[in-house]
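Written out below as structure tokens is the structure these notes cover.
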Amino acid sequence: EERAREILSAVKGRDDTRLGVEAMDLLDAYGIETPQGDIVDSPEEALEVAEDVDGDVVMKIVSPDILHKSDIGGVKVGIPHEEVFDAYEDLITRARNYQPDANIIGVQVQEMVDLDSGVETIVGMNRDPQFGPLLMFGLGGIFVEVLEDTTFRVAPVAESEAREMTEEIDSAPLLRGARGRDPVDVDGVTETVQRLSQLVTDFPAILELDINPLVATPDGVKAVDVRLTVD
Ligand code: ADP
Ligand code: MG
901 EERAREILSA VKGRDDTRLG VEAMDLLDAY GIETPQGDIV DSPEEALEVA EDVDGDVVMK
961 IVSPDILHKS DIGGVKVGIP HEEVFDAYED LITRARNYQP DANIIGVQVQ EMVDLDSGVE
1021 TIVGMNRDPQ FGPLLMFGLG GIFVEVLEDT TFRVAPVAES EAREMTEEID SAPLLRGARG
1081 RDPVDVDGVT ETVQRLSQLV TDFPAILELD INPLVATPDG VKAVDVRLTV D
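My numbering puts the last residue of the sequence shown at 1131; the count rises by one with no breaks.
Below, the structure is given as structure tokens:
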């Protein structure tokens, strides 16, 4: 909680608080696992980070002016180390073309998570004027808009409530191993919902928070993309 407080007070008063730069650290401070990696502002540094990662990496533009990164081609998956340099330059160019005066923080270099064995879920929080902090859980990626298969609880939630959320969406069987697939780490998803619940309960200054996707694989869960609005 101490670390989270530091991170949040650093963000406070800045005009680009709608962003995930510090958000990864914040999740980390609350024990929510994030992919290995870092945010860098040069192609040389990007390569250094990539070299610490086993295998190909994912690279993403980081800018408070670009909220939906893949819409502008700002997410590149499966980049081998030898292409990291060019990919960095290309991401910056794409961002500049999209918005010449965009405030570009840099590029996030991440380990690849295994989407083939995993399910993209979304865990979020919105403060409702009537109900207070509303936690949301559903399938992430393209499914979240198409299926509108989501469920809500008011934070803070007990473990049983967090588990119910993973059980009551229509696509719950997908988490538990449909069509011969291995079940994903539902305990990890449940725990993530609870940890997020604790975080937004401890910090009313967090107005909105979305982990989209939280990738759940048979081996665990990872918060791959997070967006945050702070008062
Ligand atoms: P945005 O939502 O802003 O477009 P994301 O970071 O969510 O950006 O990336 C878009 C999609 O790219 C994700 O939903 C996921 O399918 C894929 N992706 C992102 N990061 C990774 C990663 N580390 N490993 C594997 N796939 C990823
Ligand atoms: Mg996303």
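We put the beta carbon where it would ideally sit given N, CA and C, even for glycine.
Host beta strand (DSSP E) of residue i (start-end)
{"i": "Phe1052", "result": "Thr1050 to Val1054"}
{"i": "Arg1132", "result": "The structure shown does not extend to residue 1132, since the chain spans only 901 to 1131, so no value can be given for it."}
{"i": "Thr1117", "result": "Ile1106 to Thr1117"}
{"i": "Ala1123", "result": "Gly1120 to Ala1123"}
{"i": "Val977", "result": "Val975 to Ile979"}
{"i": "Ala1127", "result": "In the sequence as presented, Ala is not what sits at residue 1127; that position holds Arg. Counting along the chain, the beta strand (DSSP E) containing Arg1127 begins and ends at Val1126 to Val1130."}
Straight-line gap, residue i to residue j (C-alpha atoms, nearest Å)
{"i": "Gly1088", "j": "Ala1072", "result": "14 Å"}
{"i": "Glu951", "j": "Asp1082", "result": "31 Å"}
{"i": "Leu947", "j": "Leu967", "result": "24 Å"}
{"i": "Glu1034", "j": "Glu1045", "result": "Correcting the residue identity first, residue 1034 is Leu in this sequence and not Glu. Using only the alpha carbons, I get a separation of about 18 Å."}
{"i": "Asp1102", "j": "Glu902", "result": "11 Å"}
{"i": "Ile1004", "j": "Ala910", "result": "19 Å"}
{"i": "Tyr988", "j": "Ile907", "result": "27 Å"}
{"i": "Gln1008", "j": "Lys960", "result": "5 Å"}
{"i": "Asp1014", "j": "Pro1056", "result": "31 Å"}
{"i": "Ile1058", "j": "Met1065", "result": "Inspection of the sequence shows that residue 1058 is occupied by Ala rather than by Ile. Straight-line Cα distance between these residues: approximately 11 Å."}
{"i": "Val1126", "j": "Lys976", "result": "17 Å"}
{"i": "Val940", "j": "Glu1048", "result": "35 Å"}
{"i": "Leu926", "j": "Gln1098", "result": "12 Å"}
{"i": "Gly1040", "j": "Ile1022", "result": "5 Å"}
{"i": "Pro980", "j": "Val1086", "result": "31 Å"}
{"i": "Arg1052", "j": "Val1124", "result": "Note on residue identity: the sequence assigns Phe, not Arg, to residue 1052. Each residue's Cα considered, the two are about 21 Å apart."}
Unbroken alpha helix (DSSP H) run spanning residue i, endpoints
{"i": "Asp938", "result": "Here Asp938 belongs to no alpha helix (DSSP H); instead the beta strand (DSSP E) covers Gly937 to Val940."}
{"i": "Arg994", "result": "Val984 to Tyr998"}
{"i": "Met959", "result": "Looking at the DSSP string, Met959 is not in any alpha helix (DSSP H); the run it does join, the beta strand (DSSP E), is Val957 to Val962."}
{"i": "Gly1088", "result": "Val1086 to Asp1102"}
{"i": "Val1009", "result": "From DSSP, Val1009 is part of no alpha helix (DSSP H) but of the beta strand (DSSP E) over Gly1006 to Glu1011."}
Burial state of residue i (16 or more Cβ within 10 Å)
{"i": "Leu991", "result": "buried"}
{"i": "Phe1037", "result": "buried"}
Quiz prompt | Cβ contact (3+ pairs, closer than 8 Å) linking the region 1109-1117 and the region 1017-1024 | solution = yes
Exercise. Could you please go through the chain and list the residues whose beta-carbon is closer than 5 Å to any non-hydrogen atom of the ligand MG?
Key: Asn1112 and Asp1125
Quiz item: Can at least three beta-carbon pairs, one atom from the region 931-941 and one from the region 1088-1100, be found at a separation below 8 Å?
Solution: yes
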